[in-house]
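Reading the sequence shown from the start, the letters are residues 1 to 592 in UniProt numbering. For glycine and all other residues, C-beta sits at the position ideal for the given N, C-alpha and C. None of these values were measured; they are calculated from a predicted model.
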Amino acid sequence: MREILGSTLTLIRLTLRAVPLLATIEFVSVMGMAVAAPLLAYGLGLTANGLATGGAWRAGLIWLGGGLGATLVARIASSAVQATMEDQLEGHLDRELLDLTSGIPGIAHHERPDIADRLAHIREESRELKYGATALGSFLSVLAGSATIMVLLVTIHPVLLTLVILAGVRIWVAGRTGRNLQRIQRATAAHHRKIQLLTDLAGSPRHGLEIRAYGLRSVLLDEFERLHRNRDVPRWTAFRRDVWRDLLMTMVFTTGYGCAIAFVLWQTRLGNLNAGDVAMVVLLIPQLDRTASGLATSTRQMARMLDTVANLRWLRRYAEEHSWSSGRTPAPTHLRDGIRLRNVSFGYPGSTGQAVTDLDLFLPAGSTVAIIGDNGAGKSTLAKLLLRLYDPTGGTVEVDGIDLHQLDPRSWHERTSAGFQDFVKYEFTAQETIGIGDLARMDDLESLEAAARRGGATDVVAELPAGLATQLGRRFAGGVDLSGGQWQRLALARAFMRPHPLLLTLDEPTAALDPEAEYALFERFAAASSRTTRRNGGITVLVSHRFSTVRMADLIVVMEAGRIIEVGTHDQLLDSGGLYHELFNLQAKAYM
Ligand SMILES: Nc1ncnc2c1ncn2[C@@H]1O[C@H](COP(=O)(O)OP(=O)(O)OP(=O)(O)O)[C@@H](O)[C@H]1O
């Protein structure tokens, strides 16, 4: 109950913050319409009675005129604002979702399957939330309309209360049906999401390539049908049960309707009721029927809406709890000493093992540090811990002696930059694709050109039909698609946009380039980074499998099975005759 109340208040607050004026107009209009309908019946009853008995019929006409006028004004106002209100609410919600999910400093929520699932669910449902204000308005208005009808019926004759009870039963049955449907929808949600995944796979050009190459069409179709059966059979059974139940309730209510009219006519004949009362009952009972089924639908809608709002509240709480707001110290502008890892361990959320264990390492200010090791050795994990995309589960990472925990995560992220192997192909203009690496300089042509030069992307940009202004990606009309290597050069340029980061992590960012291109790139980069070093002591961390690149680093860290097993310069490690020596010789032979 507390959750329902909390979600209702959240929905009201959200609506009033996003669309205060439109929501008020909509709310007043639907309430007006709901109450005006039974009052029209009341006016008609008064008029009919006045005319039949020669009494005061004018008051009835005033009720009638007032009710009609109010209904008309309310209907016009509601239809004028509803669509705009829903659109604006949708925009507001999309912005909030984007802000919440991208505002969480770490990335664990993207990688924990349970949370990722819940986020996908919220994103899917949030489309519905734009109707939240309308649903709440119609729910409250139907409630107000029903109350007015009930009062009017009971004032005509207390026996008519039976009809109100019947309507109540109808609403209760519909509420149960709604809850059952929700339960079935939740139980089949996993099948539903898999169906969507398959539909997305089939529609995406990237996957289309493999689907054809491996002849996956028939497998996909079979799986699609199986999932549909698993999802739909329980739903259809429930739908069929609902139809029967609804039919039964309609029959009971219609019988009640007939009995009520017969009762009112009988009472009129006895002289206990008059013609106006008969007119009112004949008009009010269908209204009661409509509001009862309206209330049932509204209750179902509201239950779904509140479920979605409850998820949104959960996301807000999650974002708040994971905002790392304990760190308030601004990140330094210069590194004097360096970054030190003390006994750092980390296990991914949801996995039992440790990805890295007991890491002790010092990265001196101004150095270029290369990390090498086999697949799964923990190189990327180490890079992500330095960037504070995760918090260590044990030990500390210190920046110039300050625990990374104490630094404001946003200010640390503003002083770091990164290039990843699985970089994002932003389908923006080339300028935006590079410029988002440093939003403050996104419109500064000189910075963009310098970043493109460092990332080896000058030629890529020069060959684009409209240079930096070219729209990238096939999804847009006139958009230009690029090769894997070209996309990667733009991603590198993006990583080089920030001129003097305190930490630049390059996690195999050149995997799509050939060794010569990688070598040339790192030579250029080493020259640029030595300037950075002189300026603010920034550290570059480079994850690579290519020894030609690694050897130019000031410090080489060799990892194996989540542990650091060797640290030193190229010459020191070659002399020590350890794993580095062995791997270096292996690769050298392969290139001979
Ligand atoms: N998101 C994740 N969730 C769970 N486990 C993960 C995740 N990412 C990596 N791991 C695990 O952590 C360990 C270290 O992975 P990491 O990506 O750091 O290795 P790596 O040395 O960078 O490998 P590669 O050279 O293949 O990129 C591996 O055992 C991997 O399976």
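Open item on the list: Measuring alpha carbon to alpha carbon, tell me which residue in 46, 133, 542 is nearest residue 20.
Closed with: Taking the first residue of the sequence shown as 1, we reach residue 20 at position 20. That would be 133, whose Cα lies nearest to the Cα of residue 20.
Taking DSSP as the reference, what is the three-state secondary structure of residue 91?
Here residue 91 refers to the residue found at position 91 of the sequence shown. Three-state result, residue 91: helix.
Hey, residue 434 and residue 398: beta-carbon distance below 8 Å or not? Here the question's residue 434 lines up with position 434 in the sequence shown. Here the question's residue 398 lines up with position 398 in the sequence shown. Cβ atoms of residue 434 and residue 398: not closer than 8 Å.
(Q) Tell me the rounded alpha-carbon separation between residue 478 and residue 468. (A) Taking the sequence shown and counting its residues from 1, the one referred to as residue 478 is at position 478. Taking the sequence shown and counting its residues from 1, the one referred to as residue 468 is at position 468. Cα to Cα, residue 478 sits roughly 14 Å from residue 468.
**Closer than 7 Å: residue 210 CB and nearest ligand 1 heavy atom** = Working through the sequence shown from its first residue, we reach residue 210 at position 210. No, the Cβ of residue 210 stays beyond 7 Å of every heavy atom of ligand 1.
| request: Check whether the Cβ atoms of residue 139 and residue 380 sit closer than 8 Å, and answer yes or no. | output: In the sequence shown, the residue the question calls residue 139 occupies position 139. In the sequence shown, the residue the question calls residue 380 occupies position 380. No, these two residues do not count as a Cβ contact at 8 Å.
| Is any heavy atom of ligand 1 found at a distance shorter than 7 Å from the C-beta of residue 250? | Start at 1 with the first residue of the sequence shown, and residue 250 comes out as number 250. No, ligand 1 has no heavy atom inside 7 Å of this Cβ.
key: Selected residue, minimal CA-CA separation from residue 106, among 384, 580, 543   = What you label residue 106 is simply residue 106 of the sequence shown in a count that begins at 1. Nearest C-alpha to residue 106: 384.
Residue list, Cβ distance to ligand 1 heavy atoms smaller than 5 Å = 111, 348, 351, 355, 375, 376, 377, 378, 379, 380, 381
Problem - Rounded straight-line distance, which links the Cα of residue 475 to that of residue 212 - result: Taking the first residue of the sequence shown as 1, we reach residue 212 at position 212. Taking the first residue of the sequence shown as 1, we reach residue 475 at position 475. Looking at the two C-alpha atoms, the distance is approximately 20 Å.
Q) So what does DSSP say about residue 593, is it helix, strand or coil? A) What is shown of the chain runs 1 to 592, which leaves residue 593 out entirely.
Taking the beta carbon of residue 49 as the centre, do at least 16 other beta carbons fall within 10 Å, making it buried, or is it exposed?
Numbered from 1 along the sequence shown, position 49 holds the residue referred to as residue 49. By the 10 Å Cβ count, residue 49 comes out buried.
Exposure label - residue 110; buried when at least 16 CB within 10 Å
In the sequence shown, the residue the question calls residue 110 occupies position 110. Exposed, by the Cβ-count rule.
Q) Three-state secondary structure (DSSP) at residue 336? A) Counting from 1 along the sequence shown, the entry for residue 336 is found at position 336. Residue 336: coil per DSSP, three-state reduction.
**Q.** Local Cβ density within 10 Å of residue 311, reported as buried at 16 or more and exposed below that
**A.** The residue you call residue 311 lines up with position 311 of the sequence shown. By the 10 Å Cβ count, residue 311 comes out buried.
Exercise for the section: Taking all protein chains shown into account, decide if residue 550 is buried (16 or more other Cβ within 10 angstroms of its Cβ) or exposed. Expected result: On the sequence shown, position 550 is the one that residue 550 refers to. Under this definition residue 550 is a buried residue.
### Task
Report all residues from its chain with a CB closer than 7 Å to the CB of residue 389; omit the five preceding and five following residues, and keep chain order.
Within the sequence shown, residue 389 is the residue found at index 389, counting from 1. Contacts found: 106, 107.
request  = Could you say which of 38, 543, 122, 273 lies nearest to residue 150 if we only look at CA atoms?
outcome  = For this step, residue 150 is matched to residue 150 along the sequence shown. Comparing Cα positions, the closest option is 38.
Q.
Strictly by DSSP, which residues pair up with residue 363?
A. Working through the sequence shown from its first residue, we reach residue 363 at position 363. Per DSSP, 339.
Measure the C-alpha to C-alpha separation of residue 484 and residue 494 and round it to an integer number of angstroms. Sequence index remark: in the sequence shown, residue 484 carries index 484 (1-based). Sequence index remark: in the sequence shown, residue 494 carries index 494 (1-based). Near 15 Å, if we compare the C-alpha coordinates of residue 494 and residue 484.
Coarse secondary structure for residue 82, derived from DSSP in three states:
Locating residue 82 in the sequence shown gives position 82, counting from the first residue. Note: residue 82 maps to helix in three-state DSSP.
#### Entry: Sequence-distant residues of the same chain with beta carbon closer than 8 Å to residue 40, five excluded per side
What you label residue 40 is simply residue 40 of the sequence shown in a count that begins at 1. Closer than 8 Å at the Cβ level, and outside the excluded window around residue 40, lie 63, 64, 67, 68, 71, 283.
Excluding sequence positions up to five away, which residues of its chain have a Cβ less than 7 Å from the Cβ of residue 238? In the sequence shown, counting from the first residue as 1, residue 238 sits at position 238. For residue 238, where only same-chain residues beyond five positions count, the Cβ hits under 7 Å are 180, 181, 184.
Whether residue 510 touches residue 418 by CB criterion (8 Å):
Along the sequence shown, one-based indexing puts residue 510 at 510. Along the sequence shown, one-based indexing puts residue 418 at 418. No, the Cβ-Cβ distance between residue 510 and residue 418 is not below 8 Å.
Assuming the contact rule is C-beta atoms closer than 8 Å, residue 387 and residue 416 should be a hit. Round their C-beta distance to whole Å, please. Here residue 387 refers to the residue found at position 387 when the sequence shown is read from its first residue. Here residue 416 refers to the residue found at position 416 when the sequence shown is read from its first residue. Residue 387 to residue 416, Cβ: 6 Å. Contact.
Under DSSP, the beta strand (DSSP E) around residue 399 begins and ends at which residues?
In the sequence shown, counting from the first residue as 1, residue 399 sits at position 399. 394-399 is the extent of the beta strand (DSSP E) around residue 399.
| query | Should residue 497 go down as buried or exposed, given a rule of 16 or more other Cβ atoms within 10 Å for buried? | reply | Mapped onto the sequence shown, residue 497 falls at position 497. Buried, by the Cβ-count rule.
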